[in-house]
Amino acid sequence: MDGYVIPLIVAVTGIVIGGVMGYVFGQKRKEVDLQDKVVEAEKQAETIKDQAQKEAEQILKEGRLEIKDELYKRQRGLERELKRKQKEAERLERRLQHKESQLDSKLENQERLERQLTDKRTAVDQKLQRMRQQEEEFEVKFQEIQRQCEEISGLTRDQAREMLLKSLEEQLGQESAALIRRIEAETKEIADKKARQIITLAIQRCSTEQVSESTVSVVQLPGDDMKGRIIGREGRNIRALETETGCNIIVDDTPEAVVLSCFDPIRREVARLALSKLVEDGRIHPGRIEEVVAKAKKEINNEIQEAGEQAAFELGIHDLHPELIKFLGRLKFRTSYGQNILRHVVEVAQICGMMAAEIGADVKMAKRAALLHDIGKSVSFEMEGPHALVGAELCRKHNEKPAVVHAVAAHHNEEEPKTIIAVLVQASDAVSAARPGARRETLESYIKRLESLEEIAKSFDGVEKAYAIQAGREVRIIAEPGKITDNECVKLARDVTRKIEDELQYPGQIKVTVCRETRAVEYAK
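So for the sequence shown, numbering that gives the first Met the number 0 puts the first residue at 0; every next one is plus one.
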């Protein structure tokens, strides 16, 4: 067994020594590899350093080149600016030299002029001295002549001056009066011609219907048996209708028709619409009547609102008070001698706007005033007074401008027109109401009314001629100057007005104008 131990120990010892030697050699190998990596890293660092240094040198070189280029450019710019400044300085220097030479020449001229002025002043002084001597001699001669004239005429100097001034004053007064009359005649002729031209253009541009409208107050029935159903048992249906609508319903012998009578056209229209619906429906009793009348009132109110809005929209007026729009809409159911008042005010606004444009006035203000000029007629059943003043009060209450309020109040001369808008509204209203076909009046009655006006005017003594003009709205009377004085013209106009009021029936008002003229004609030969 001892023979195996020793070789085993030797073998184990060899293995241990081999392992130790392997480990030592492994560590050495790692150190060598590590040194190689360190050397390689140092080489890479050196390479990177060299590259960075080269790049830095390249960047520095490029920066120096850019700086040199920029300095060169600035140097060139400064040189050009310096050259420009030098040229400007040279130009200014030349101008200064030129100015200096001009100033020297002006100084020389001034010295020469001063010498001439001195010479002229001396000559003028000598002439003044001679004139004073002559004036003294003339004063002596004038006093001598004046003394001789006073002795011959028997008048003092002040009396002669007063007589001469009085004569001149009378002559100038006559000439100025003739000049004033001539200027007034020329101005009136030009103004009349221009006014006719403006009105003609406005009428030509205004295209409106000439069909007369009327408010229907008769309801057609399908048969006479419907009258009994409208009356109802013991008259309860007709009493309910009259109570709800405020209209008198007349059921007479007229075949297949019922007549509605009421001073308020809106109530009459509500009654007509409600009765038409009841007849069409066939169910007529107090409960149904109340329901249908309420619906008819609502429909009429909507129609009034739409009519007012449509009229304002048609004229381009968009800021009217809502209450004024309702009053405008109510005019749809009002007529004057067959002319629908809502269409009338729209037509007046169009004509007024055209005339305002022709003379350079405010077109929007003119249209607004003309649209509202008859708005008082929408409440004429509820308020007392002329519709012009009632309408003006409505406009004032709803914050319309003073110019509009004045034009509304003055369109029938309840107030004196003080603005061009008020005059235009007056003229437009007359044009719309007096044009052919505007109002329901036959040609025969129209001519008869004009002839009656002229006959009434001619029936007075001292009237030479009489003319009905402006569609019968004015009577122009030519008086005989030998029979009627200026003061008697006022009395004649008042008497003619009273006789017209007593004997004729006419819409609106009629203006009576009495003209008296004295002419003196002489011929210079």
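Every residue gets a Cβ at the ideal spot worked out from N, C-alpha and C, and that includes glycine.
Check: Given residue 414 as reference, the closest of 396, 431, 389, 429 once Cα atoms are compared; Outcome: 389
Check: Alpha carbon of residue 330 to alpha carbon of residue 323, nearest angstrom; Outcome: 11 angstroms
Check: Where residue 378 sits in the DSSP three-state scheme; Outcome: helix
Check: Identified DSSP bridge partners for residue 334; Outcome: 339
Check: Extent of the continuous alpha helix (DSSP H) run through residue 325; Outcome: 321-329
Check: Sub-7 angstroms separation of residue 424 and residue 368 beta-carbons; Outcome: yes
Check: Helix, strand or coil at residue 78 [DSSP, three-state]; Outcome: helix
Check: Same chain only: Cβ atoms within 8 angstroms of residue 313, ignoring 5 sequence neighbours per side; Outcome: 345
Check: Residue 264 and residue 332 closer than 7 angstroms at C-beta; Outcome: yes
Check: The stretch 351-358 / the stretch 175-189 touching (three or more Cβ pairs under 8 angstroms); Outcome: no
Check: For residue 219, the nearest candidate out of 178, 180, 274 (CA to CA); Outcome: 274
Check: Segments of 4+ residues assigned as alpha helix (DSSP H) that fall wholly inside the stretch 101-149; Outcome: none
Check: Three-way DSSP call (helix, strand, coil) for residue 247 in this model; Outcome: strand
Check: Whole-angstrom distance between residue 270 and residue 512, CA atom to CA atom; Outcome: 46 angstroms
Check: Whole-angstrom distance between residue 51 and residue 78, CA atom to CA atom; Outcome: 40 angstroms
Check: Buried versus exposed call for residue 267 [16 or more other C-beta atoms within 10 Å across all chains shown]; Outcome: buried
Check: For residue 155, the three-state DSSP class (helix, strand or coil); Outcome: coil
Check: Identified DSSP bridge partners for residue 475; Outcome: 466, 512
Check: Closest residue to residue 375 among 407, 59, 358 (Cα-Cα distance); Outcome: 407
Check: Distance between beta carbons of residue 467 and residue 495, contact taken as under 8 angstroms; Outcome: The Cβ separation is near 12 angstroms, so there is no contact.
Check: Three-state secondary structure (DSSP) of residue 15; Outcome: helix
Check: Residue 278 versus residue 225: straight-line alpha-carbon distance, rounded; Outcome: 7 angstroms
Check: Closest by C-alpha distance to residue 504, when choosing among 31, 480, 449, 486; Outcome: 449
Check: Which listed residue (61, 45, 517, 446) has its alpha carbon closest to that of residue 477; Outcome: 517
Check: Assigned secondary structure, residue 219 (DSSP; H/G/I helix, E/B strand, else coil); Outcome: strand
Check: Alpha-carbon to alpha-carbon, residue 174 and residue 123; Outcome: 43 angstroms
Check: Euclidean distance between Cα positions of residue 306 and residue 486; Outcome: 52 angstroms
Check: Limits of the unbroken alpha helix (DSSP H) element including residue 275; Outcome: 264-280
Check: Beta carbon of residue 479 nearer than 7 angstroms to that of residue 461; Outcome: yes
Check: Residues of its chain near residue 272, where Cβ-Cβ distance is below 6 angstroms and the 5 sequence neighbours each way are ignored; Outcome: 295
Check: Assumed close pair residue 397, residue 284 - CB separation to whole angstroms, cut-off 8 angstroms; Outcome: Incorrect: roughly 42 angstroms between the Cβ atoms, too far for contact.
Check: Distance CB(residue 288)-CB(residue 239) smaller than 7 angstroms; Outcome: yes
Check: Residue 314, DSSP secondary structure in three states; Outcome: coil
Check: Contact belief for residue 255 with residue 222 at Cβ below 8 angstroms, rounded distance in angstroms; Outcome: 6 angstroms
Check: DSSP-derived helix/strand/coil call for residue 259; Outcome: strand
Check: Local Cβ density within 10 Å of residue 243, reported as buried at 16 or more and exposed below that; Outcome: buried
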